[in-house]
Amino acid sequence: YDDLGFNSFFKTGWKRFYLKWYDSAHPSAAELCPKTTELLKTLPSIKAAMFTELAPDSRLVRHRDPYAGSLRYHLGLLTPNDDRCFIDVDGQRYSWRDGESVVFDETYIHYAENKTEQNRIIFFADVERPLSSKLMARFNHWFGKNIMTAASSPNEHGDQTGGLNKVFGYVYQIRIKAKALKKTNRKLYYFLKWFLMLGIFFLIFVRPYLF
């Protein structure tokens with residue numbers, strides 16, 4: 150539960166192993182996948198890369214990525230080679246095949262399912278989006294280096310954890326406790342929820358005018 154970007158997908162059977170995430174360090178990837186990580190160093194337009202698994206009878210829920218600075222690339226490595234294992238992007242369905250690749254815009258709503266009895270493993274990469282404006286291209290590069298790097302998550306101990314994910318780790322613990330309270334005492338849960346929301350509203354919009 151230390152991955153802000155992909156946290157919700159783990160609950161539906163999706164898994165990942167980071168090879169690269171912007172400017173963060175993943176010594177585990179260099180140790181376990183030396184040839185792939187060396188190859189990625191020669192491809193600066195690839196900002197993030199990983200191996201991802203979609204196990205039998207698992208799925209990725211409908212979503213769209215909020216960051217439009219890249220395009221998504223998939224290369225089939227070990228797939229069912231079956232139309233029942235697919236990704237749907239904005240109503241267009243694609244089924245992975247071993248050795249075949251596809252590129253799509255992840256800002257469109259997409260979801261994936263594996264309805265077969267076989268695993269699906271692909272190489273997954275975010276490629277920097279080509280932009281006609283030099284100003285926007287520079288901003289995109291800055292955003293990736295400073296903001297997206299802060300969302301890095303480790304494969305294992307020794308890998309870098311970005312600042313956003315460090316904060317998310319604490320927030321997630323509060324979220325777990327809040328869910329537990331909701332199950333045992335819904336009235337107290339909603340009282341504390343609204344009390345907190347009104348308190349934040351007061352601090353932001355009312356307090357500056359009183360003091």
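Residues in the sequence shown are numbered consecutively from 150, following the working numbering.
Think of the CB as a built atom: it goes at the ideal place given N, C-alpha and C, for glycine as much as any other residue.
Residue i - partner residues in DSSP beta bridges
{"i": "R208", "result": "E262"}
{"i": "N255", "result": "For clarity, residue 255 is Glu in the given sequence; the question names Asn instead. DSSP lists no partner for E255."}
{"i": "C234", "result": "N263"}
{"i": "M199", "result": "Y167, F273"}
{"i": "L220", "result": "V276"}
{"i": "Y243", "result": "I236"}
{"i": "W194", "result": "It is worth fixing the name first, because residue 194 is Ser in this sequence and not Trp. For S194, which the question treats as bridged, DSSP gives no partner whatsoever."}
{"i": "S250", "result": "L224"}
CB-CB length for residue i against residue j, believed under 8 Å
{"i": "T298", "j": "S219", "result": "That belief does not hold up - the Cβ atoms of T298 and S219 are roughly 14 Å apart, past 8 Å."}
{"i": "R278", "j": "A217", "result": "7 Å"}
{"i": "S250", "j": "C234", "result": "Actually they do not touch by this definition, with Cβ atoms about 15 Å apart."}
{"i": "Y167", "j": "N314", "result": "With a Cβ gap of about 12 Å, Y167 and N314 do not count as contacting."}
{"i": "L330", "j": "Y321", "result": "So it is not a contact: roughly 15 Å between Cβ atoms."}
{"i": "I258", "j": "R335", "result": "The pair is not a contact, with the Cβ atoms about 32 Å apart (cut-off 8 Å)."}
heavy atom of the ligand GDP below 7 Å from residue i C-beta
{"i": "T185", "result": "Although the ligand GDP was asked about, the structure shown includes no ligands whatsoever."}
Minimum C-alpha distance to residue i - residue among the options
{"i": "N263", "options": "E255, L284, T228, K332", "result": "T228"}
{"i": "R246", "options": "T333, V252, D231, V238", "result": "D231"}
{"i": "A261", "options": "H306, Y222, S207, I236", "result": "I236"}
{"i": "T256", "options": "S282, R221, N268", "result": "R221"}
{"i": "I195", "options": "S282, K342, V252, K331", "result": "V252"}
{"i": "N295", "options": "T265, F159, G312, H306", "result": "G312"}
{"i": "R208", "options": "M285, A329, N268, Y321", "result": "N268"}
{"i": "H306", "options": "R165, P176, N156, L341", "result": "P176"}
{"i": "D239", "options": "G348, D214, E180", "result": "D214"}
{"i": "T161", "options": "A204, E180, V316, S282", "result": "A204"}
Evaluate the contact criterion for the region 190 to 200 versus the region 273 to 293: three or more CB pairs, one atom per stretch, below 8 Å.
yes
For this session: Report yes or no: do three or more beta-carbon pairs, one from the region 291 to 311 and one from the region 167 to 182, lie closer than 8 Å?
Result: yes
Inside the region 283 to 328 only - alpha helix (DSSP H) runs reaching at least 4 residues: 283 to 292
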